[in-house]
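All residue numbers for the sequence shown refer to our numbering, where the first residue is 46 and numbers rise by one.
Reviewing the structure listed below.
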Amino acid sequence: MKLDIEGRVALVVGASRGIGFAIADTLAAEGARVALAARGLDGIKSAADRIGRGASFHVADVTDPAAALSLVSEIEKQYGNIDILVCNVGSGASVPPGKETATEWSRVMDINLFAATNTIEAARPLMNRGSGDRAIVCVSSICGLAALGAPVTYSAAKAALNATVRGLARPLALEGIRINAVAPGNILAADGTWARKIAENKTAVDEMLIREVPLRRLGKPEEVADIVAFLGSPRAAFITGTVIVADGGQLRA
46 MKLDIEGRVA LVVGASRGIG FAIADTLAAE GARVALAARG LDGIKSAADR IGRGASFHVA
106 DVTDPAAALS LVSEIEKQYG NIDILVCNVG SGASVPPGKE TATEWSRVMD INLFAATNTI
166 EAARPLMNRG SGDRAIVCVS SICGLAALGA PVTYSAAKAA LNATVRGLAR PLALEGIRIN
226 AVAPGNILAA DGTWARKIAE NKTAVDEMLI REVPLRRLGK PEEVADIVAF LGSPRAAFIT
286 GTVIVADGGQ LRA
């Protein structure tokens with residue numbers, strides 16, 4: 046399917062590796078003008094170099110509202126506008142259920158919720174100046190939709206992100222901006238959690254997949270990226286306020 050995003054400006058935050066990198070690469074392959082952002086200089090520069098196609102790189106820790114505003118200012122100077130915003134900052138690393146502290150709640154919410162809300166707030170005025178189809182896509186998790194044994198802080202943050210997407214859909218629609226989320230299940234990235242678990246105990250991972258995932262495999266970052274690219278394109282112009290699950294059938298409801 047031709048997505049009709051050639052020449053559109055796409056900002057992907059959290060793009061140095063894994064799902065974020067795959068999203069940026071997919072958007073660039075579809076002809077978008079892609080800006081990649083992340084906290085570390087070396088990682089994000091390497092990612093932009095690997096993508097090529099004129100992709101730019103920007104260093105920003107968007108858990109800080111001021112840094113999110115500064116990032117958007119950089120994008121405005123270089124590109125003039127933002128047509129597609131992808132909020133992919135996140136981490137499932139936290140404490141076991143029942144071990145939460147106020148400090149840990151704050152840290153995990155910053156990464157998995159406020160990084161997105163800060164970026165959306167910063168980008169919204171610039172996206173308002175655009176015309177045609179404009180879209181925001183947030184990368185969430187199935188852990189925000191069901192109790193799956195993940196850290197409570199992470200699950201709560203992703204549930205809040207899903208609620209944010211649904212709640213912002215109506216006011217943003219009045220500004221010509223769509224907002225949706227993708228909730229991946231277990232995704233195998235080269236340097237991710239599941240790669241480590243396979244290295245530690247592949248039999249246990251295989252048994253989990255047989256028990257929990259009808260398709261009996263882990264997902265690929267590129268499979269999530271394809272959904273994000275579609276949601277960010279005019280092909281999805283009648284979709285807003287939704288959370289699309291990509292989990293191999295793991296969720297039962």
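Don't be surprised by glycine CBs; every beta carbon is placed ideally from N, CA and C.
Report task. Check ARG174 in the structure and name its three-state DSSP category. Result -> Three-state DSSP puts ARG174 in coil, outside helix and strand.
Query - Every unbroken beta strand (DSSP E) within the region 161–228, with a cutoff of 3 residues, ordered by chain - result: For the region 161–228, whole beta strand (DSSP E) runs of length 3 or above, ordered along the chain, are 179–184.
**Report entry** Inter-residue Cα distance where the pair is ILE96 and ASP70
**Finding:** About 6 Å.
Requested in this report: Tell me, to the nearest whole angstrom, how far the beta carbon of ASN231 is from that of TRP239; I am working on the premise that it is less than 8 Å.
Outcome: With a beta-carbon spacing of about 6 Å, ASN231 and TRP239 fall inside the 8 Å limit used to define contacts.
Query raised in the report: Span of the alpha helix (DSSP H) holding ILE96?
Result: 86–96 is the extent of the alpha helix (DSSP H) around ILE96.
Query raised in the report: My guess is that PRO229 and ASP292 are in contact by the Cβ rule of under 8 Å, so how many angstroms apart are they, rounded?
Result: Contact between PRO229 and ASP292 holds: CB atoms are separated by about 7 Å, below the 8 Å threshold.
**Report entry** Residue nearest to GLY125 in terms of C-alpha spacing, selected from THR146, ALA167, ASN133 and GLY175
**Finding:** Comparing C-alpha distances from GLY125 to each of THR146, ALA167, ASN133 and GLY175 shows the shortest one belongs to GLY175.
Requested in this report: From the DSSP output, in three-state form, read off ALA147 for me.
Outcome: Correct three-state label for ALA147: helix.
Query raised in the report: If you run the structure through DSSP and keep just helix, strand and coil, what is ALA55?
Result: The DSSP-derived three-state label of ALA55 is strand.
Query raised in the report: Just to confirm, are ALA282 and LEU48 a CB contact at a threshold of 8 Å?
Result: In this structure, ALA282 keeps its C-beta atom at 8 Å or more from the C-beta atom of LEU48.
Query raised in the report: Can the beta-carbon of GLY137 be found closer than 8 Å to that of PRO196?
Result: Yes. Within cutoff.
Report task. Give the C-beta separation of LEU193 and ASN207 to the nearest angstrom, bearing in mind that I take them to be a contact with Cβ-Cβ under 8 Å. Result -> Contact doesn't hold; Cβ gap of about 14 Å is too wide.
**Report entry** Spatial neighbours of MET172 in its chain, beta-carbon cut-off 8 Å, leaving aside the 5 residues before and after
**Finding:** The residues are ASN126, ILE127, ASP128, LEU130, ARG179, ILE181, GLU220 and ILE222.
Query raised in the report: Buried or exposed: where does ILE187 fall if 16 or more other Cβ atoms within 10 Å of its Cβ makes it buried?
Result: Buried, because 16 or more other Cβ atoms sit within 10 Å of the Cβ of ILE187.
Query raised in the report: Which residue's Cα is closest to the Cα of ASP155: VAL258, CYS183 and ALA202?
Result: Considering only alpha carbons, the answer is ALA202.
Query raised in the report: What residue ranges within the region 224–295 form continuous alpha helix (DSSP H) runs of no fewer than 4 residues, ordered along the chain?
Result: Taken in chain order, the complete alpha helix (DSSP H) segments of 4 residues or longer contained in the region 224–295 are 238–257 and 266–276.
Requested in this report: Specify, as a first and last residue, the run of the alpha helix (DSSP H) that ILE64 falls within.
Outcome: Segment 63–74, the alpha helix (DSSP H) holding ILE64.
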